[in-house]
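**Q** In the working numbering, the protein residues as written are 4 to 122.
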Amino acid sequence: MSRAIDGSRRKDHRKKILKQAKGYWGRRHSNYKTAKDAVTKGLSYAYRDRKDRKGDFRRIWIIRINAACRAEGMSYSRLVDGLNKAGVTINRKALAHLAMEDASAFKAVVAQAKAALGA
């Protein structure tokens, strides 16, 4: 039986890798060996950073909430403590949205937290 050395499966796989490397600089978009490494690393970074994005957004929300709290004369940690004691369950994404879009509603939330802390 003859040996297939340049079959269609092999070509298709290489073509797929080179297609994924489209737009890469230098040999990385045209040379299979380097493109394979670049694509593998790129895909692993993409997987990792999809997970990291969640933490990045949480960090941004906390910064925005803290800035709005300080304008009301309160720190972020005191606000969160006050909301927990008041039994208010609102997530950071919603709080950050309130802080940016609806200042009066955010002030009401801060007032609830202050009342629960007894300040």
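Just so it is clear, CB atoms sit at the ideal spot from N, CA and C, and this is done for glycine as well.
Output the distance between the C-alpha atoms of GLY76 and THR43, rounded to the nearest integer angstrom.
**A** Numbered from 1 along the sequence shown, position 73 holds the residue referred to as residue 76. Numbered from 1 along the sequence shown, position 40 holds the residue referred to as residue 43. The alpha-carbon atoms of GLY76 and THR43 are separated by roughly 49 Å.
**Q** What residue range does the alpha helix (DSSP H) around GLU104 cover?
**A** Numbered from 1 along the sequence shown, position 101 holds the residue referred to as residue 104. Its alpha helix (DSSP H) spans residues 95-104.
**Q** Helix, strand or coil for LYS57 per DSSP?
**A** Residue 57 sits at position 54 when you count from the first residue of the sequence shown. It is helical.
**Q** Please report how far the alpha carbon of ALA41 lies from the alpha carbon of ARG51, in whole angstroms.
**A** Working through the sequence shown from its first residue, we reach residue 41 at position 38. Working through the sequence shown from its first residue, we reach residue 51 at position 48. Cα-Cα distance, rounded: 15 Å.
**Q** Provide the residue span of the alpha helix (DSSP H) that contains ASN87, from first to last.
**A** As a first step, residue 87 must be located in the sequence shown, where it is residue number 84. Element bounds for ASN87: 79-89.
**Q** Which stretch, first to last residue, makes up the alpha helix (DSSP H) that contains HIS16?
**A** As a position in the sequence shown, residue 16 is number 13, starting the count at 1. 11-23 is the extent of the alpha helix (DSSP H) around HIS16.
**Q** Roughly how many whole angstroms lie between the Cα atoms of LYS22 and ARG56?
**A** The residue labelled residue 22 in the question sits at position 19 within the sequence shown. The residue labelled residue 56 in the question sits at position 53 within the sequence shown. Rounded to whole angstroms, LYS22 to ARG56 spans 26 Å at the Cα level.
**Q** Taking 8 Å as the cut-off, decide whether the C-beta atoms of ALA89 and ALA49 are in contact.
**A** Looking up residue 89 in the sequence shown gives position 86. Looking up residue 49 in the sequence shown gives position 46. Not a contact, by the Cβ cut-off of 8 Å.
**Q** Do TYR79 and ASN69 count as a contact pair if the criterion is CB distance below 8 Å?
**A** In the sequence shown, the residue the question calls residue 69 occupies position 66. In the sequence shown, the residue the question calls residue 79 occupies position 76. Yes, Cβ-Cβ distance for ASN69 and TYR79 is below 8 Å.
**Q** Output the distance between the C-alpha atoms of LEU101 and SER107, rounded to the nearest integer angstrom.
**A** Position 98 of the sequence shown holds residue 101. Position 104 of the sequence shown holds residue 107. Roughly 8 Å between the two C-alpha positions.
**Q** CB GLN115 to CB VAL91, shorter than 8 Å?
**A** On the sequence shown, residue 115 is found 112 positions in, with the first residue counted as 1. On the sequence shown, residue 91 is found 88 positions in, with the first residue counted as 1. The answer is yes: Cβ separation under 8 Å.
**Q** Going by DSSP in three states, THR43 sits in which element: helix, strand or coil?
**A** Stepping through the sequence shown from its first residue, residue 43 is reached at position 40. DSSP places THR43 in helix when its eight states are reduced to three.
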